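Below is one structure, written out as structure tokens; the observations come after it.
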Amino acid sequence: MSEQRKPLVRHMFTADPSAHVFDDKIYIYPSHDIPHEDEDNDNGDEYQMRDYHVLSMDDLDSQCKDNGLALSEDDVPWVGSQMWAPDAAYVNGRYHLFFPARDNDGIFRLGVASSDKPIGPFTPEPDPIEGSYSIDPCSFVDDDGKVYVYYGGLWGGQLEKWRSGKFDPDEPFSPEKYPDGEALGPMFAQMDKDMKSFATKPVMISILDENGKPLLEKDEDRRYFEAPWMHKYNGKYYLSYSTGTTHYIVYATSDKPEGPFTYGGRIMEPVLGWTTHHSILEYHGKWYIFYHDCELSGGINHRRCVKYTELKYNEDGSIQTIQP
Ligand code: FUB
């Protein structure tokens, strides 16, 4: 039996759970953390993942199953290292796995792989998505069938290094250089029908405060850091994400998928461990958040475990804050 707020699997370390309902079953696309003894650093070198396994549950009370190897770095010619947080979408009768990894020059790019089954194995495209960079792709299939990808992460995720439009390895973490500047946001693009390329030029999403002003770099309790997730509730687009250095999961809403979004509040207080990363799904009329912490390893940042718990809305559409 799977229990709320307990590790869904215990035989391996898992993180960054992107959960979806396909054919009334729950499928979770997590990162697969590898244990090692190296030190942590701001570059995220401790997150040394090399492959993906898809987890599934027949329903929320049943045992969570590991469906084995779905994609390995050995299968993807452009991948050099660090297969980080993935996501999946079902489009045109196929399952598409979106994943970030460092290429052979050490630059994070986004890749895509496809399968006729939700659990894989997935066949990767030989090259990363053209024009893609950074990490944490979240794919979102809208009611009209359009598929969007939200992505990007600071620090190890390299988003700030693309500030000029070109990769600059010397560009520092933003608040140190531009404390009063507008915070960076996640990137946004529409996928082409082939699900292999961007149909639109990626743009950066703006996240505004209650007065309609962009969130600033120094507003570390609210500004975007990494791990975007998109869901729709009562016709509104909810963009949720991690604030990274302050370890919250927060959300912002908009009437349009590309925003601008207005900051709405905190979804989850910090978990045990540095990173926090989540997904949100509706299942049989209730809403759930899938997330990770480091309970299984007693707090080792790169040995995480995925969990879920219920997520509740207030009548006005705001989300109640969860104490993990
Ligand atoms: O799992 C590696 C990185 O840690 C992810 O890409 C981030 O979102 C954070 O969870």
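So this note's numbering is basically just the index in the sequence shown, starting at one, shifted up by 106. Just so it is clear, CB atoms sit at the ideal spot from N, CA and C, and this is done for glycine as well. All of these numbers come straight from a predicted model, not from anything done at the bench.
In the three-state DSSP reduction, Glu332 falls in the strand class (E or B). By the beta-carbon neighbour count (other beta carbons within 10 angstroms, threshold 16), Val127 is exposed. Taken through DSSP and simplified to helix, strand or coil, Trp190 comes out as coil. Taking 8 Å as the upper bound for CB-CB distance, Pro366 and Glu323 are not in contact here, some 17 Å apart. For Ser312, the shortest separation between its Cβ and any heavy atom of the ligand FUB does not lie below 6 Å.
The residue from Phe294, Phe273, Tyr254 and Gly271 with its alpha-carbon nearest to that of Asp300 is Tyr254. Rounded to the nearest whole angstrom, the C-alpha separation of His384 and Cys244 is 11 Å. Distance from Ile373 to Thr427 at the Cβ level is roughly 7 Å; contact confirmed, criterion being Cβ atoms closer than 8 Å. By DSSP's assignment, Glu388 forms a beta bridge with Trp393.
Counting only runs of 4 or more residues that sit fully inside the segment 232-309, the alpha helix (DSSP H) segments are 280-283, in chain order. Ranked by Cα distance from Ser240, the options Tyr201, Pro224 and Pro192 are led by Pro192.
Within its own chain, the residues whose Cβ lies closer than 6 Å to the Cβ of Trp184, once the five positions on either side in sequence are excluded, are Asp209, Asp233 and Pro234, listed in chain order. Under the DSSP assignment, Glu416 falls in the beta strand (DSSP E) whose first and last residues are Cys411 to Leu417. Relative to the ligand FUB, the beta carbon of Ile395 is positioned no closer than 6 Å to any heavy atom. Annotation: the continuous beta strand (DSSP E) that includes Ile134 extends over Lys131 to Asp139. With 16 or more neighbouring CB atoms inside 10 Å of its own CB, Ser137 falls in the buried class.
In the displayed model, Asp422 falls within coil according to three-state DSSP, outside both helix and strand. A direct Cα-Cα distance of roughly 42 Å separates Lys283 from Arg116. Under the DSSP assignment, Asn173 falls in the beta strand (DSSP E) whose first and last residues are Lys171 to Ser178.
Taking 6 Å as the cut-off, one finds no heavy atom of the ligand FUB near enough to the beta carbon of His408. Ser403 carries a helical assignment under DSSP once its states are collapsed to helix, strand and coil. Cβ neighbours of Lys223 within its own chain (closer than 8 Å, five residues either side excluded): Tyr201. With fewer than 16 other Cβ atoms from the protein chains shown falling within 10 Å of its own Cβ, Gly318 counts as exposed. Tyr397 and Met163 have their C-alpha atoms some 16 Å from each other.
With contacts defined as CB atoms closer than 7 Å, Val412 and Pro123 qualify as a contacting pair. Following the DSSP letters along the chain, one finds Leu216 inside the beta strand (DSSP E) bounded by residues Phe214 to Ser221. If you check the C-beta of Glu332 against the ligand FUB, you find a heavy atom less than 6 Å away. The beta carbon of His337 sits closer than 6 Å to those of Tyr344 and Ile386, all from its chain and outside the five residues before and after it, given in chain order. Less than 7 Å divides the Cβ of Pro308 from the Cβ of Met293. Phe228 sits away from Leu265, with the two beta carbons spaced by 7 Å or more. Counting C-beta pairs with one atom in each stretch, the segment 399-415 and the segment 149-156 have three or more that are closer than 8 Å, which means they touch. Rounded to whole angstroms, Met107 and Lys392 show a C-alpha spacing of 19 Å. Under a 10 Å Cβ-count criterion, Thr306 is classified as exposed, with fewer than 16 other Cβ atoms of the shown protein chains found around its own Cβ.
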